[in-house]
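Here's the structure, in structure tokens; my notes come after.
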Amino acid sequence: MTPTSKASKTSEKHSWRLSLSRKSIGRVHSPFSLHTRLANVLEEDYKNAFDPNARAIKVWEHLLLLSVLVEAFLVPYFLAFQPEAVETVSTLFTVFIVSEGIFAVDLYVQAHTGYYSDGNLIRDNKLTVRSYVFSFQFVLDILAILPYQLFVIIYPKLVAKLLLLKLLRWSRIPHFVSSLDKFYAKYFVALKLLKVLASTVYLAHVQACIRFTFHHYEIIESSSHSHSLHSQYLASMLWSVGIMTGLFEGELPHHSIEILFTVLVALCGFSMFTTLCATIFVISKCESGQTEAMEARINQLVHVLSFHRVQENQQTQAIEYLKRYYTDTESHDRETSKLLCPSIANDIQVELLKATIADISIFEGCNDQFIVAMTSLLEMVAFPAQTTLFSTGDDGDAMYVVHSGVLAIVINSVMVREIRKGSCFGELSVFSSMPRTATVISTTYAIQNVLLSLNATFNTCWVN
-5 MTPTSKASKT
5 SEKHSWRLSL
15 SRKSIGRVHS
25 PFSLHTRLAN
35 VLEEDYKNAF
45 DPNARAIKVW
55 EHLLLLSVLV
65 EAFLVPYFLA
75 FQPEAVETVS
85 TLFTVFIVSE
95 GIFAVDLYVQ
105 AHTGYYSDGN
115 LIRDNKLTVR
125 SYVFSFQFVL
135 DILAILPYQL
145 FVIIYPKLVA
155 KLLLLKLLRW
165 SRIPHFVSSL
175 DKFYAKYFVA
185 LKLLKVLAST
195 VYLAHVQACI
205 RFTFHHYEII
215 ESSSHSHSLH
225 SQYLASMLWS
235 VGIMTGLFEG
245 ELPHHSIEIL
255 FTVLVALCGF
265 SMFTTLCATI
275 FVISKCESGQ
285 TEAMEARINQ
295 LVHVLSFHRV
305 QENQQTQAIE
315 YLKRYYTDTE
325 SHDRETSKLL
335 CPSIANDIQV
345 ELLKATIADI
355 SIFEGCNDQF
365 IVAMTSLLEM
375 VAFPAQTTLF
385 STGDDGDAMY
395 VVHSGVLAIV
405 INSVMVREIR
415 KGSCFGELSV
425 FSSMPRTATV
435 ISTTYAIQNV
445 LLSLNATFNT
455 CWVN
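Listed below in structure tokens is the structure:
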């Protein structure tokens, strides 16, 4: 075989591979191709890990945060008041063991929970396990989960000190708090105050434990009948809270280290007071900023309406509409959605309204993709009270889903019924321009989710 023939065959193979690659690339861009459908099936098969955004995972993180706080309170208490508690099966030690069991289960949950990589959600079990095992968090979790209680037979006095390694789990507190903030975003004021209160109580608890460590030998020597641990803990807690708040005068310190510790406790109390004031200021600033913006808009509207000599009843109606628009419970959600990118805002809208659209009689039997498409086309529109949405004989151009407020359906000047949140009307107008058979008037301030007819939507897209 000549070298020329070999070269020609090689070039033919190369050209065949290039043509095959071009075809494969072309097929990738086609959503109905076999390659794309196979890729989608394989992608679904890989989604066998837990969704990190699932409600169950969020609840589990709340339980983990509670367990971290329980151990954070118990470890200083064991070191100061009951170092021998780890040698017996007491109530507090049983609670501690239950918390350890929760963290043992969490090793499996973390290894099988999806994660984000470059903005993409990874839910392949092999990748999630590999990512967790080779992470620094896994090392901390292993050091914290080791059963140091087994050393109680050999080193009974060392076990209580080894429990300090359980506090390595504090590295996960920022993630748990962030998850808590997202889960209870609507109650951010109460949540901020609760976090300040929890921090203050924990700081007082730790200081009470340290104070008892300084004084427990003196208490034993000065009294023939020692008080119970419960009474001693409450006395130390009262001293800590009294020094921090300045409400009670504690015992005068006798040694230099006690003086320094008392000064430190007083400074901690001042710091917590400053933190509380700053939190309240931030909360009031957020609320006052929204109030000032609303008042500015109302004053501007009043000036414009007065300048153009608009009737008093219409001015009152317009001002009421503007107040409701910016003070209604939905206003915060509406303003927040404006800060999100359109795709995320659309996903939120679909998640909230998909079930409502699916229950409409005209859409019964439609698949999920069609329902999602219809839901994503909804637009939220607010109407003031006593506003006519449409009248009898008007061409049907939209369907309305009541989000809030009350509307009246009027036929021949007679109100036949009222419709409220969750109801819909004008659904036939989505597919046809049939004349309206009734008049709809808003009796209160109302927010509607409007779905324009397909003809109107097509014409708008054609013009754009």
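Residue 458, in this note's numbering, is where the sequence shown stops; the numbers in between run on with no holes.
All C-beta atoms, glycine included, are put in the ideal place defined by N, C-alpha and C.
C-beta contact flag for residue i and residue j at 8 angstroms
i, j, result
"F170", "V103", "no"
"S93", "V123", "no"
"S423", "D391", "yes"
"T207", "I237", "no"
"Q311", "V259", "no"
"T381", "L347", "no"
"S447", "F377", "no"
"V235", "A198", "yes"
"P46", "Y149", "no"
"G399", "A440", "yes"
"T438", "A379", "yes"
"V434", "F384", "yes"
"T350", "G416", "yes"
"T273", "L187", "yes"
Spatial neighbours of residue i in its chain, beta-carbon cut-off 7 angstroms, leaving aside the 5 residues before and after
i, result
"N119", "N42, A43, H106"
"Y178", "L185"
"F132", "Y126"
"S111", "none"
"I313", "I292, L295, V296"
"R414", "V396, V400"
"K52", "S173, F177"
"L152", "F145"
"D389", "S427, P429"
"M393", "C418, G420, E421, S423, V424, L445"
Residue burial classification, residue i (beta-carbon count within 10 angstroms, cutoff 16)
i, result
"C418", "buried"
"H224", "exposed"
"S172", "exposed"
"F130", "exposed"
"R459", "This structure cannot settle anything about residue 459, because the visible part of the chain is limited to -5 through 458."
"T88", "exposed"
"I251", "exposed"
"R49", "exposed"
"G95", "exposed"
"Y181", "exposed"
"D362", "exposed"
"Q442", "buried"
Sequence-distant residues of the same chain with beta carbon closer than 8 angstroms to residue i, five excluded per side
i, result
"S300", "Q309"
"F97", "L58, S61, D135, A138, I139, R163"
"C203", "P70, Y71, L73, A74, F75, S230"
"V410", "I403, V404, A432"
"I516", "It is not possible to answer for residue 516, since the shown part of the chain is limited to -5 through 458."
"G263", "I237, M238, T239, G240"
"Y142", "V153, L156, L157, L159"
Interface flag, residue i vs chain D, CB-CB below 8 angstroms
i, result
"V344", "The structure shown contains no chain D; it is built from a single protein chain."
Distance between beta carbons of residue j and residue i, contact taken as under 8 angstroms
i, j, result
"V404", "A432", "6 angstroms"
"H56", "L174", "7 angstroms"
"E373", "V444", "5 angstroms"
"L254", "R291", "No, L254 and R291 are not in contact; Cβ-Cβ is about 56 angstroms, not under 8 angstroms."
"V190", "L295", "Rounded, the Cβ-Cβ distance is 39 angstroms, inconsistent with contact."
"Y196", "F67", "7 angstroms"
"V344", "V366", "5 angstroms"
Own chain partners of residue i with C-beta closer than 6 angstroms, once the 5 adjacent residues on each side are dropped
i, result
"T194", "M266"
Practice task
Any chance you could list the alpha helix (DSSP H) runs of at least 4 consecutive residues sitting entirely within the segment 120 to 153, in chain order?
Solution key: 130 to 139
Problem - 4-residue-minimum alpha helix (DSSP H) runs that sit fully inside the segment 37 to 108, ordered along the chain - result: 49 to 74, 85 to 105
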